[in-house]
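Trainee: Below you will find the structure I want to go over with you.
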Amino acid sequence: MRFTAYQFKKLIRSYTFIPPYIVYMIWIAMLYVYSGQSILSSYASSTIVLLAVSAWLTINIYQLENNKERQLLFIQFNSKLKYLTHKLYFSIMTLLPLIIFSILYPILFNRFSEKMSIIHLTLALYLHVIVVIFGVLIGTFICIQNVMSRKYSWLLLILIILLSIMRHTIILSVPATKYILWLIPPVGDFIQIYQYSLNQLITFHFLFISLWIAIYIFIFTLGLYYLFSKTEYL
Numbered sequence: 050m051r052f053t054a055y056q057f058k059k060l061i062r063s064y065t066f067i068p069p070y071i072v073y074m075i076w077i078a079m080l081y082v083y084s085g086q087s088i089l090s091s092y093a094s095s096t097i098v099l100l101a102v103s104a105w106l107t108i109n110i111y112q113l114e115n116n117k118e119r120q121l122l123f124i125q126f127n128s129k130l131k132y133l134t135h136k137l138y139f140s141i142m143t144l145l146p147l148i149i150f151s152i153l154y155p156i157l158f159n160r161f162s163e164k165m166s167i168i169h170l171t172l173a174l175y176l177h178v179i180v181v182i183f184g185v186l187i188g189t190f191i192c193i194q195n196v197m198s199r200k201y202s203w204l205l206l207i208l209i210i211l212l213s214i215m216r217h218t219i220i221l222s223v224p225a226t227k228y229i230l231w232l233i234p235p236v237g238d239f240i241q242i243y244q245y246s247l248n249q250l251i252t253f254h255f256l257f258i259s260l261w262i263a264i265y266i267f268i269f270t271l272g273l274y275y276l277f278s279k280t281e282y283l
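Mapped onto this note's numbering, the consecutive letters of the sequence shown carry residue numbers 50 to 283.
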């Protein structure tokens, strides 16, 4: 809890959370200019930018400390991996207000053509949480990888975000790319199924993709911990 409070104070003082927050709020306001929209497909559209914003804010959070402060935190935690765990946790917590805003905004301003149900709300929350987790993991990977310099890391981030969102479309257009793109987070595949109606969504295919995503997140997270333990993150 002390580390969370410490991070929160540093984030507030740095003001680096403001640009990602503003960008996403503007996106939501633009998305729901017109009323009469479908619930699930609208929420799917809102998460496209949420993925990029989540990664962006996560990178800002990792850059809150300088090298000396980071070394002191490693000593305080007696483990680099505990530091990583707290960073992942804090990044997700920082993005919760955007999830709440994204879900409640169209409800409060009556922008949907359908009546909101508990199932709709649960599916929307599930989608947003999954996208935020992927955004945090991608942002973390960008910060701890030491192959590219910071200058080119942003290009790598943009490439991963675009491929994650367009992965499903690319594979449909060029099936052979599936042998390469299986490494890319399947965010687009998950967002795509939210284009269906509620009755069409709740199928075995939805459960299969959910299981696939859970396994992917687990392996991705383990990979980050391994990479972080082997990397001189300074």
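We treat Cβ as the ideally placed atom computed from N, Cα and C, and that holds for glycine.
1) Tell me the rounded alpha-carbon separation between L99 and M74.
2) From which residue to which residue does the alpha helix (DSSP H) around Q86 run?
3) Anyone know if the C-beta pair for Q86 and S151 falls short of 8 Å?
4) At what residues does the alpha helix (DSSP H) containing P146 begin and finish?
5) Are Y154 and I77 closer than 8 Å when you measure CB to CB?
6) Do you know how far the Cα of E118 is from the Cα of S259?
7) With a CB to CB cut of under 6 Å and the five nearest residues on each side skipped, what residues in its chain are close to P234?
8) Roughly how many angstroms separate the alpha carbons of Y64 and L106, rounded to a whole number?
9) Could you check where the alpha helix (DSSP H) with L227 kicks off and where it finishes?
10) Buried or exposed: which applies to Y132, given that a residue is buried once 16 or more other Cβ atoms fall within 10 Å of its Cβ?
11) Helix, strand or coil, according to DSSP, for F52 in the structure here?
12) Compare the beta carbon distance of L230 and I220 with 8 Å and say whether it is the shorter of the two.
13) For M165, tell me which candidate among K136, F139, Y138 and Y92 has the shortest Cα-Cα distance.
14) Looking only at C-alpha atoms, which of L113, M197 and V82 sits nearest to F49?
15) Within 10 Å of its beta-carbon, does L80 have 16 or more other beta-carbons around it, so buried, or fewer, so exposed?
16) Using the Cα positions of S222 and H254, report the straight-line distance between them to the nearest angstrom.
17) Using a Cβ distance threshold of 8 Å, determine whether the region 131-148 contacts the region 108-118, with at least three qualifying pairs required.
Mentor: From the atom records:
1) Counted from its first residue, the sequence shown places residue 99 at position 50. Counted from its first residue, the sequence shown places residue 74 at position 25. Using only the alpha carbons, I get a separation of about 10 Å.
2) As a first step, residue 86 is located in the sequence shown; it is residue number 37 there, counting from the start. Looking at the DSSP string, Q86 is not in any alpha helix (DSSP H), and its letter there is neither H nor E.
3) For the purposes of this step, residue 86 is taken as residue 37 along the sequence shown, with counting starting at 1. For the purposes of this step, residue 151 is taken as residue 102 along the sequence shown, with counting starting at 1. Going by C-beta atoms, Q86 is not nearer than 8 Å to S151.
4) On the sequence shown, position 97 is the one that residue 146 refers to. Its alpha helix (DSSP H) spans residues K129 to L157.
5) As a first step, residue 154 is located in the sequence shown; it is residue number 105 there, counting from the start. As a first step, residue 77 is located in the sequence shown; it is residue number 28 there, counting from the start. Yes, the pair counts as a contact, with Cβ atoms nearer than the cut-off.
6) In the sequence shown, counting from the first residue as 1, residue 259 sits at position 210. In the sequence shown, counting from the first residue as 1, residue 118 sits at position 69. S259 and E118: Cα-Cα distance of roughly 39 Å.
7) Position 185 of the sequence shown, counting from 1, holds the residue named residue 234. Correct list, in chain order: F183 and S213.
8) The residue labelled residue 64 in the question sits at position 15 within the sequence shown. The residue labelled residue 106 in the question sits at position 57 within the sequence shown. Straight-line Cα distance between these residues: approximately 11 Å.
9) Here residue 227 corresponds to residue number 178 of the sequence shown, with the count starting at 1. Note on residue identity: the sequence assigns Lys, not Leu, to residue 227. Element bounds for K227: K227 to L230.
10) For the purposes of this step, residue 132 is taken as residue 83 along the sequence shown, with counting starting at 1. Buried, because 16 or more other Cβ atoms sit within 10 Å of the Cβ of Y132.
11) In the sequence shown, counting from the first residue as 1, residue 52 sits at position 3. DSSP places F52 in helix when its eight states are reduced to three.
12) Numbered from 1 along the sequence shown, position 181 holds the residue referred to as residue 230. Numbered from 1 along the sequence shown, position 171 holds the residue referred to as residue 220. In this structure, I220 lies closer than 8 Å to L230 by Cβ.
13) Here residue 165 corresponds to residue number 116 of the sequence shown, with the count starting at 1. Selected option, being the one with the closest Cα: Y92.
14) Examination of residue 49 is not possible in this model, given that the chain is present from 50 through 283 alone.
15) Looking up residue 80 in the sequence shown gives position 31. It is buried - the Cβ of L80 has at least 16 other Cβ atoms within 10 Å.
16) The count along the sequence shown starts at 1 and reaches residue 222 at position 173. The count along the sequence shown starts at 1 and reaches residue 254 at position 205. Taking the straight line joining both Cα atoms gives about 20 Å.
17) yes
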